[in-house]
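Residues in the sequence shown are numbered from 0 upward in steps of one, following numbering that gives the first Met the number 0.
Ideal placement from N, C-alpha and C gives every residue a C-beta, glycine not left out.
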Amino acid sequence: MRAAGPGPVGRAGVGFLRLSGLEQAAGMALGRGAAALPEADRPAERAMGPRGVLEQLVLGALQKPPCLVSFSGGRDSSLVLAVAVHVARREGLPLPVPYTRYFGDAPEAEEGPWQEMVVRHLGLADWQRVGAGADMELVGARAQGFLLRHGVVFPPMLYVLGESLGAARGGSHLSGEGGDQVLGPRRATYLRFALSSPRWTARPAAARAVLAQLAPRPVRYRLLRRRYEAFSPRAWLRPAALSAMASQLAWERAGEPLLARGGLRWELASRRTSLIRANVAALAATYAVAHCDPLLEPAFVAALARAGGRLGFSSRAAAMAYLAGDLLPQRTIGRSTKAVFNTAYLGPLARDFARRWSGAGADPGLVDPEALRAEWLKPVPAAQSFVMLQAAWLAENRPPAQDR
């Protein structure tokens, strides 16, 4: 648990980590952060296994009620909620409360049936569901207040978390952040497929994918850089900026170790993960809330790496079944779909702003303003453009006396 005591709420008093100019233009964090996975695990954690470590992590939150779980209905938040409910009942503690935002005007973000199935399966009576309308857009009323107070902060939807943190004020807050990173496929996954399914690697495309993962770092760097330059969704970046981003991202991704334990250590040390964890913790401090992302805690990731062995789990469903096969519906464990929230957060308010935007807030050396405007006006805009949308709004609405 990262305990958060009462803290200042003004912009100058919150210790947010910031993106660089190139990162802001690209809408992502680049490079490495601090190594987070311990070289040697504590004996008690080694004996527990990943499920036991996960239970210990959520226990700390349950002991500080009210305990809210940010719950979308996806696999990761369902996993954290299910384990928290299981531990609360076993220990005789108050049950955690799922906290859900629903988007009535964005069907592609609708998760209602998945959410209801999990809540019903867990036998929960208390469930906080909050409708998210225009005020929750990236430049809606809530985001505007956050931007004027704190400036542009990564991730761009951090202001959304303030609502559930406020509901948990004085208690604790859990999320499923990090599931994509630690439960998803790694380089070793391809090697596992190659060793277990020779017929799979007989296909030319599959064979190329395996060979690319086994290639030396300089070769993988060239392959990745070519892919990022050719297929990047960031059409608003100037050629030099796109090349710089592709080069940094490709070199970073090419450095992932082949075997699963090293890959997970590498994942936790990414600058993206470091920024998210630090900035969520900084925001939680302003609400006197103890926040925990258990799937990103080093102790859990180390235990998961041990359990998965040198090549890791065969699939995300296999990892989910190992962790919570006795707690969740099989449909949730084997789910392959995922909600898309792009239009939920970039809706009519943002599109109206995009049409009248003056170009302020965009570095012309990095960004083509008209291409960026065109991206915001697409039916499904790229999520990588969200940071620049907030930077543009703030540049046009920042009070003259506000420091930069």
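Could you compute how far the alpha carbon of I332 sits from the alpha carbon of E115?
15 angstroms
To the nearest whole angstrom, what separates the beta carbons of L92 and M244, a pair I think is in contact under 8 angstroms?
The pair is not a contact, with the Cβ atoms about 46 angstroms apart (cut-off 8 angstroms).
Who are the Cβ neighbours of L326 in its own chain at under 6 angstroms, not counting the five residues just before and after it?
A81, H85
Any idea what DSSP makes of V13, helix, strand or coil?
coil
Classify V379 as buried or exposed, calling it buried when 16 or more other Cβ atoms lie within 10 Å of its own Cβ.
exposed
Let me know the secondary structure DSSP gives V288 once reduced to three states.
coil
Using the DSSP secondary-structure output, state which residues sit across from T99 in a beta bridge.
R128
May I ask you to report which of helix, strand or coil DSSP gives R216?
helix
V68 by DSSP, collapsed to three states: which one?
strand
Expected contact under 8 angstroms - CB spacing of V151 and V386 to nearest Å:
6 angstroms
Per DSSP, the bridge partner or partners of S246
Paired residue(s): none; S246 is not in a bridge.
Under a three-way DSSP split, which group does V379 fall into?
coil
Which residue wins for smallest C-alpha separation from R128, given the options A304, Y101, G177?
Y101
Using 8 angstroms as the threshold, is the segment 146-165 in touch with the segment 106-123, meaning 3 or more CB pairs across them?
no
Report yes if the CB atom of L257 is closer than 7 angstroms to the CB atom of R186, and no otherwise.
yes
I'd like to check one pair, S69 with S174: are the Cβ atoms closer than 7 angstroms?
yes
DSSP three-state label for V138, please.
coil
Which class does R276 belong to by DSSP, given the choice of helix, strand or coil?
helix
Give the range of the beta strand (DSSP E) segment to which L173 is assigned.
171-173
Once DSSP output is grouped into helix, strand and coil, what is the label at V366?
strand
What did DSSP end up calling S163 once you bin it into helix, strand or coil?
helix
Could you tell me if E369 is buried or exposed, where buried requires 16 or more neighbouring beta carbons within 10 angstroms of its beta carbon?
exposed
DSSP beta-bridge partners of R89
Its beta-bridge partners do not exist; DSSP assigns none.
What are the partner residues of L53, as DSSP defines its beta bridges?
In DSSP, L53 forms no bridge with anything.
When the Cα atoms are used, what is the spatial distance from A39 to L147?
In this predicted model, A39 has a pLDDT of only 49, less than 50, meaning its place in the structure is not dependable enough to derive any value.
Residue range of the alpha helix (DSSP H) that A317 falls in?
315-323
Counted within 10 angstroms of its Cβ, other Cβ atoms place Q180 as buried (16 or more) or exposed:
buried
Going straight from the alpha carbon of R350 to that of A287, what length do you get?
35 angstroms
Buried or exposed: where does S384 fall if 16 or more other Cβ atoms within 10 Å of its Cβ makes it buried?
buried
When DSSP labels each residue in this structure, what does L490 get in the three-state scheme?
The requested residue 490 does not occur in the structure, where the chain is confined to residues 0 to 403.
So for R428, helix, strand or coil by DSSP?
Given a span of 0 to 403 for the chain in the structure shown, any question on residue 428 remains unanswerable.
Specify whether the segment 280-299 and the segment 246-255 touch according to this definition: at least 3 beta carbon pairs, one from each stretch, less than 8 angstroms apart.
no
For the segment 269-278 against the segment 48-67, are there 3 or more C-beta pairs whose distance is under 8 angstroms?
no
Helix, strand or coil for R31, going by three-state DSSP, please let me know.
strand
Can you tell me where the alpha helix (DSSP H) with V181 in it begins and where it stops?
178-182
Among A211, E176, A280, which residue has its Cα nearest to the Cα of Y189?
A211
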